[in-house]
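**Q** Chains as they are written, first to last, in my numbering: chain V, 74 to 331; chain H, 15 to 348.
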Amino acid sequence: MPEFQLKDSVITSLNAQEPWPDNVKLFQPYEVEQILLPDNASCLAVQAFLKMCNLPFEVEMRWNAEFMSPSGRVPFIKCGAFVVSELEPIVQFAANKGVSLCGRLSTEEKAEMRAYMSLITNVLVNAELYISWLDDDTYNAVTKVRNSSVYPWPLGWLQTRSKRNAVAKRLKALHWQEKTLEQVLSDVEQCCNSLSQRLGDRDYFFGTPTELDALVFGHVFTIITTRLPCRKLAETVRRHETLVSLAKRIDEQYFKRP
Amino acid sequence: MASIDLDIWRGEWGLASIDLECLKVLTYMKFIGVPVRVREANNPYFTPKGRLPVMRDGRNVLTNFEEVVDYLKSLHYSTDVHLNTMQAAEASAFTQYLRDKLYPAYQYTWWVDEKNYSDVTRPAYSKALRIPFNFYYPSRYQNAAKEMIDALYGEHTDLREIEKTIYSEAEKCLKTLSDRLGESEYFFGNRPSSFDAVVFAYLAPLVKAPFPNATLSNQVKGIANLSRFVARINQKNFRHVTDEYNKQNAKKHSTGTQSDKEAANFPNQTRNKILAALFAAIAMTGYAVANGMFQRWSTWSWQRTLLLNRFRIAKKQFDKTKKLKAAKSSDNPA
Chain V
74 MPEFQLKDSV
84 ITSLNAQEPW
94 PDNVKLFQPY
104 EVEQILLPDN
114 ASCLAVQAFL
124 KMCNLPFEVE
134 MRWNAEFMSP
144 SGRVPFIKCG
154 AFVVSELEPI
164 VQFAANKGVS
174 LCGRLSTEEK
184 AEMRAYMSLI
194 TNVLVNAELY
204 ISWLDDDTYN
214 AVTKVRNSSV
224 YPWPLGWLQT
234 RSKRNAVAKR
244 LKALHWQEKT
254 LEQVLSDVEQ
264 CCNSLSQRLG
274 DRDYFFGTPT
284 ELDALVFGHV
294 FTIITTRLPC
304 RKLAETVRRH
314 ETLVSLAKRI
324 DEQYFKRP
Chain H
15 MASIDLDIWR
25 GEWGLASIDL
35 ECLKVLTYMK
45 FIGVPVRVRE
55 ANNPYFTPKG
65 RLPVMRDGRN
75 VLTNFEEVVD
85 YLKSLHYSTD
95 VHLNTMQAAE
105 ASAFTQYLRD
115 KLYPAYQYTW
125 WVDEKNYSDV
135 TRPAYSKALR
145 IPFNFYYPSR
155 YQNAAKEMID
165 ALYGEHTDLR
175 EIEKTIYSEA
185 EKCLKTLSDR
195 LGESEYFFGN
205 RPSSFDAVVF
215 AYLAPLVKAP
225 FPNATLSNQV
235 KGIANLSRFV
245 ARINQKNFRH
255 VTDEYNKQNA
265 KKHSTGTQSD
275 KEAANFPNQT
285 RNKILAALFA
295 AIAMTGYAVA
305 NGMFQRWSTW
315 SWQRTLLLNR
325 FRIAKKQFDK
335 TKKLKAAKSS
345 DNPA
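(1) Flag tyrosine 120(H) as yes if its beta-carbon sits less than 8 Å from any beta-carbon of chain V, otherwise no.
(2) In the DSSP assignment, find the unbroken alpha helix (DSSP H) run with leucine 220(H) in it and report its ends.
(3) Listing by chain order, which chain H residues have their CB less than 7 Å from the CB of asparagine 195(V)?
(4) Given that a residue counts as buried once 16 or more other Cβ atoms are within 10 Å of its Cβ, and exposed if not, what is methionine 349(H)?
(5) Could you spell out the range, first to last residue, of the alpha helix (DSSP H) harbouring aspartate 193(H)?
(6) Show which residues of chain H have a CB atom less than 7 Å away from the CB atom of threonine 180(V).
(7) Using a Cβ-Cβ cutoff of 7 Å, what residues of the segment 270 to 290 of chain V are near chain H? List them in chain order.
(8) So threonine 190(H) contacts chain V; which residues on that side make the cut at Cβ distance below 8 Å?
(9) Determine the DSSP secondary structure at glutamate 54(H), reduced to helix, strand or coil.
(10) Pick helix, strand or coil for lysine 336(H), following the three-state DSSP scheme.
(11) In three-state DSSP terms, what is valine 223(V)?
(12) Taking Cβ positions only, does serine 17(H) come closer than 8 Å to chain V?
(13) Give the secondary structure of arginine 312(V) by DSSP, where H, G and I count as helix, E and B as strand, and everything else as coil.
(14) So who's on the other strand from asparagine 74(H), going by DSSP bridges?
(15) Assuming the contact rule is C-beta atoms closer than 8 Å, leucine 258(V) and leucine 306(V) should be a hit. Round their C-beta distance to whole Å, please.
(16) Mind listing the chain H neighbours of lysine 242(V)? Cutoff is C-beta to C-beta under 8 Å, in chain order.
(17) Just the C-alpha distance for alanine 245(H) and cysteine 116(V), rounded to the nearest angstrom, thanks.
(18) What first and last residue would you give for the alpha helix (DSSP H) that runs through methionine 134(V)?
(19) Could you check whether the Cβ of alanine 184(H) sits closer than 8 Å to any Cβ belonging to chain V?
(20) For phenylalanine 293(H) and glycine 300(H), what's the separation of their Cα atoms in angstroms?
(21) Specify, as a first and last residue, the run of the beta strand (DSSP E) that phenylalanine 100(V) falls within.
(22) Am I right that tryptophan 206(V) and threonine 194(V) are in contact with their C-beta atoms under 8 Å? What's the rounded C-beta distance?
(23) What is the DSSP secondary structure of threonine 229(H), counted as helix, strand or coil?
(24) Where does serine 144(V) fall in DSSP's three states?
(25) When the cut-off is 8 Å and only beta carbons count, does serine 106(H) lie next to chain V?
(26) Counting only Cβ pairs nearer than 7 Å, list the residues of chain H close to serine 267(V).
(27) Kindly say whether alanine 246(V), judged by its beta-carbon, lies nearer than 8 Å to any beta-carbon of chain H.
(28) What's the C-alpha gap between tyrosine 117(H) and proline 162(V)?
(29) Can you find a C-beta in chain H that's less than 8 Å from the C-beta of glutamine 263(V)?
(30) In angstroms with no decimal places, state the Cα-to-Cα distance between serine 241(H) and leucine 220(H).
(31) Specify the secondary structure class of valine 105(V) as computed by DSSP and reduced to three states.
(32) Taking the alpha carbon of alanine 223(H) as the point to measure from, which residue in Asp164(H), Thr135(H), Ser182(H) and Ala165(H) has its own alpha carbon closest?
(33) Thinking threonine 295(V) and alanine 114(V) are a contact (beta carbons under 8 Å), I'd like their distance in whole angstroms, please.
(34) Between alanine 200(V) and methionine 141(V), what straight-line distance do the alpha-carbon atoms span, to the nearest angstrom?
(35) Quick one: residues in its chain with C-beta nearer than 7 Å to the C-beta of leucine 247(V), no 5 flanking neighbours on either side, listed in chain order?
(36) Rounded to a whole number of angstroms, what is the C-alpha to C-alpha distance between serine 221(V) and glycine 229(V)?
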């Protein structure tokens with residue numbers, strides 16, 4: 074049995090005492106030539122979360138990160154004997170080590186935070202997937218090229234096709250495939266509205282940084298900084314100034330390049 | 015605004031409708047108190063998307079909850095006016111949260127779990143549907159649900175593993191919901207909102223339907239304030255449905271004779287007999303045809319029959335003359 078099948082309770086009892094090791098590695102695809110919009114957003118969110126927690130980690134880029142990940146999705150971290158993928162399990166994992174950003178929130182606030190995180194994973198992630206894989210312009214000009222760039226010739230074509238089918242199937246199951254681009258954008262608009270209304274004029278959603286801020290940062294920052302043939306998504310998000318300034322603030326504070 | 019028509023799946027077990035989407039719309043309309051003519055549809059074949067509910071108001075045909083809420087809002091019917099912008103944002107976030115975490119578990123309980131499907135879901139939907147459709151729609155909806163689970167949790171993962179993940183996520187979600195509700199009467203203030211309708215529609219079927227594998231139902235029933243919430247809304251808005259159901263149930267219990275019980279255990283007995291006979295007849299005929307038992311029929315023609323008849327007549331004549339000759343020859347020597 075591979076180690077990732079261990080359930081929460083087992084992980085808790087196994088690693089509660091051990092502190093956060095120094096040699097934690099975060100695996101993700103190549104940022105410059107390979108990574109796609111949705112993956113980049115989630116990688117950035119996890120990085121932001123780890124930096125907010127002050128947990129040291131190294132980013133390691135692998136062309137096959139997706140296939141190394143236990144859940145099939147990037148990013149994942151390797152921490153001692155454990156391999157944990159995606160934001161939510163990583164948050165859980167850090168909490169088991171005694172590192173948590175939402176410790177002082179009340180139960181209602183925690184409930185609210187979870188709800189907003191679901192809002193992002195349901196709306197923004199699906200919108201990113203829709204734009205990257207189902208919007209023909211973006212698919213042909215960006216997604217196809219980048220996704221197949223790391224494979225030798227016939228494999229790249231095949232892999233891209235099969236991945237597109239998988240994404241289409243997922244979106245179909247969630248009733249997103251039948252939407253038009255306008256409907257997708259209006260959903261995004263509504264989601265951003267909710268977020269910016271919740272944020273108001275505070276610095277962070279709940280006063281201090283939480284994983285919700287990390288998640289919002291990951292998605293908003295990636296959407297507004299990625300150049301795609303379809304500009305409408307970025308324009309829709311950019312209209313919400315509070316969210317953009319939140320993303321910029323987090324970028325300056327945690328990702329200051331030397 | 016003469017009258018709004020609403021087609022829904024029929025109810026069962028004291029629910030106004032067995033279907034999640036129908037129940038959302040119905041509950042919302044009850045909250046508003048908008049005049050509506052509800053019809054229990056018996057086939058979704060002629061609806062725009064092959065699904066129920068369908069709301070008709072003049073030329074407007076709407077098929078999902080969000081559209082209905084928006085449309086009614088445009089007619090100045092809304093339950094959400096008392097929410098401020100932040101609460102509205104929170105409501106939409108929580109709606110997505112339920113959709114993200116609870117909806118897969120709901121679909122799993124209703125459609126993917128084989129025992130629940132064959133014991134509860136399929137009979138319930140078959141009862142609501144008319145005859146040729148009841149063979150088609152339940153399995154179609156089941157396939158859709160299975161595809162959704164496949165797409166979300168990976169195709170090659172063990173189903174039991176998926177089940178565990180889904181139910182543990184749902185449990186967390188229900189816990190969160192219960193924390194959010196606390197001891198208040200509704201989620202936002204003391205008046206119902208569209209989010210309350212959504213929560214009620216998710217939880218009520220889980221509480222009422224008698225599932226054999228009731229993991230999720232037991233989770234809901236185990237949380238006191240959520241089950242009180244369901245009972246409260248049910249009492250306020252669907253009292254007549256529940257009362258009727260209880261009355262029927264009581265009647266059945268008091269006057270239930272042996273034959274009644276048998277009929278209840280095996281509904282549509284006559285129909286099934288006729289179908290079985292029909293099936294047997296078709297199978298046997300098919301077998302006969304396949305084995306060439308009707309080959310003479312296929313080569314039969316008028317000309318051949320006439321020719322054969324002529325031969326027969328000729329042969330008869332021949333026999334007659336032969337007999338006569340034989341008689342003569344036997345007569346002569348004597």
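Virtual Cβ for every residue (Gly too), placed ideally from N, Cα, C. In this text the structure is predicted, and so the values were computed from the model without any measurement.
**A** Per the coordinate set shown:
(1) Taking the first residue of the second sequence as 1, we reach residue 120(H) at position 106. Using a CB distance cut-off of 8 Å, tyrosine 120(H) does not count as an interface residue toward chain V.
(2) If you number the second sequence from 1, residue 220(H) lands on position 206. Its alpha helix (DSSP H) spans residues 208 to 222.
(3) Walking along the first sequence from the start, residue 195(V) turns up at place 122. Here the neighbours are Gln110, Arg113 and Asp114.
(4) Past the boundaries of the shown model lies residue 349(H); chain H is included only from 15 to 348, so the question cannot be answered.
(5) Stepping through the second sequence from its first residue, residue 193(H) is reached at position 179. Counting along the chain, the alpha helix (DSSP H) containing aspartate 193(H) begins and ends at 173 to 195.
(6) Reading the first sequence from its first residue, position 107 is the one you call residue 180(V). For threonine 180(V), the neighbours in chain H by C-beta distance under 7 Å run, in chain order, Asp193.
(7) Gln270 and Arg271
(8) Counting from one through the second sequence, the residue named residue 190(H) turns up at place 176. Correct list: Lys183, Ala184, Arg187 and Ala188.
(9) As a working note, residue 54(H) is residue 40 in the second sequence. Glutamate 54(H) falls in the strand class under three-state DSSP.
(10) As a first step, residue 336(H) must be located in the second sequence, where it is residue number 322. The answer is helix: DSSP assigns lysine 336(H) an H, G or I state.
(11) Translated into positions along the first sequence, residue 223(V) becomes position 150. Valine 223(V) falls in the coil class under three-state DSSP.
(12) Residue numbering aside, residue 17(H) sits at position 3 when the second sequence is read from its first letter. So, not an interface residue.
(13) Position 239 of the first sequence holds residue 312(V). In the structure shown, arginine 312(V) sits in coil (DSSP, three-state: anything other than H, G, I, E or B).
(14) Walking along the second sequence from the start, residue 74(H) turns up at place 60. Asp71(H).
(15) Position 185 of the first sequence, counting from 1, holds the residue named residue 258(V). Position 233 of the first sequence, counting from 1, holds the residue named residue 306(V). Here leucine 258(V) really is in contact with leucine 306(V); their C-beta atoms are around 7 Å apart, less than 8 Å.
(16) Here residue 242(V) refers to the residue found at position 169 when the first sequence is read from its first residue. By Cβ distance, chain H contributes Glu161, Asp164 and Ala165.
(17) Indexing the second sequence from 1 puts residue 245(H) at position 231. Indexing the first sequence from 1 puts residue 116(V) at position 43. Whole-angstrom Cα-Cα distance: 44 Å.
(18) As a first step, residue 134(V) is located in the first sequence; it is residue number 61 there, counting from the start. Unbroken run through methionine 134(V) is the beta strand (DSSP E), 131 to 134; no alpha helix (DSSP H).
(19) As a position in the second sequence, residue 184(H) is number 170, starting the count at 1. Closer than 8 Å: no.
(20) Taking the second sequence and counting its residues from 1, the one referred to as residue 293(H) is at position 279. Taking the second sequence and counting its residues from 1, the one referred to as residue 300(H) is at position 286. Just so you know, the alpha carbons of phenylalanine 293(H) and glycine 300(H) end up roughly 10 Å apart.
(21) Working through the first sequence from its first residue, we reach residue 100(V) at position 27. Segment 98 to 101, the beta strand (DSSP E) holding phenylalanine 100(V).
(22) Locating residue 206(V) in the first sequence gives position 133, where the first residue counts as 1. Locating residue 194(V) in the first sequence gives position 121, where the first residue counts as 1. Contact flag wrong, Cβ pair sits at about 17 Å.
(23) The sequence position of residue 229(H) within the second sequence is 215, counting from 1. Residue state, collapsed to three classes: helix.
(24) The residue labelled residue 144(V) in the question sits at position 71 within the first sequence. Residue state, collapsed to three classes: coil.
(25) One-based indexing of the second sequence puts residue 106(H) at position 92. It does; some Cβ of chain V falls within 8 Å.
(26) As a first step, residue 267(V) must be located in the first sequence, where it is residue number 194. Correct list: Ala103, Ser106 and Ala107.
(27) Residue numbering aside, residue 246(V) sits at position 173 when the first sequence is read from its first letter. It does: the Cβ of alanine 246(V) has a partner Cβ on chain H nearer than 8 Å.
(28) On the second sequence, residue 117(H) is found 103 positions in, with the first residue counted as 1. On the first sequence, residue 162(V) is found 89 positions in, with the first residue counted as 1. Those two C-alpha atoms are separated by around 20 Å.
(29) Counting from 1 along the first sequence, the entry for residue 263(V) is found at position 190. Interface residue, yes.
(30) Along the second sequence, read from residue 1 onward, the residue named residue 241(H) stands at position 227. Along the second sequence, read from residue 1 onward, the residue named residue 220(H) stands at position 206. Their backbone Cα atoms lie some 10 Å apart in a straight line.
(31) Mapped onto the first sequence, residue 105(V) falls at position 32. DSSP, reduced to helix, strand and coil, places valine 105(V) outside both helices and strands of the structure shown, so it counts as coil.
(32) Start at 1 with the first residue of the second sequence, and residue 223(H) comes out as number 209. Looking at the Cα atoms, Thr135(H) is the closest of the given residues.
(33) Taking the first residue of the first sequence as position 1, residue 295(V) is located at position 222. Taking the first residue of the first sequence as position 1, residue 114(V) is located at position 41. With a Cβ gap of about 4 Å, threonine 295(V) and alanine 114(V) count as contacting.
(34) Within the first sequence, the letter at position 127 stands for residue 200(V). Within the first sequence, the letter at position 68 stands for residue 141(V). Cα to Cα, alanine 200(V) sits roughly 25 Å from methionine 141(V).
(35) In the first sequence, residue 247(V) corresponds to position 174, counting from 1. Cβ neighbours of leucine 247(V) beyond the five flanking positions: Asn199.
(36) Taking the first sequence and counting its residues from 1, one reaches residue 221(V) at position 148. Taking the first sequence and counting its residues from 1, one reaches residue 229(V) at position 156. The alpha-carbon of serine 221(V) is positioned some 4 Å away from that of glycine 229(V).
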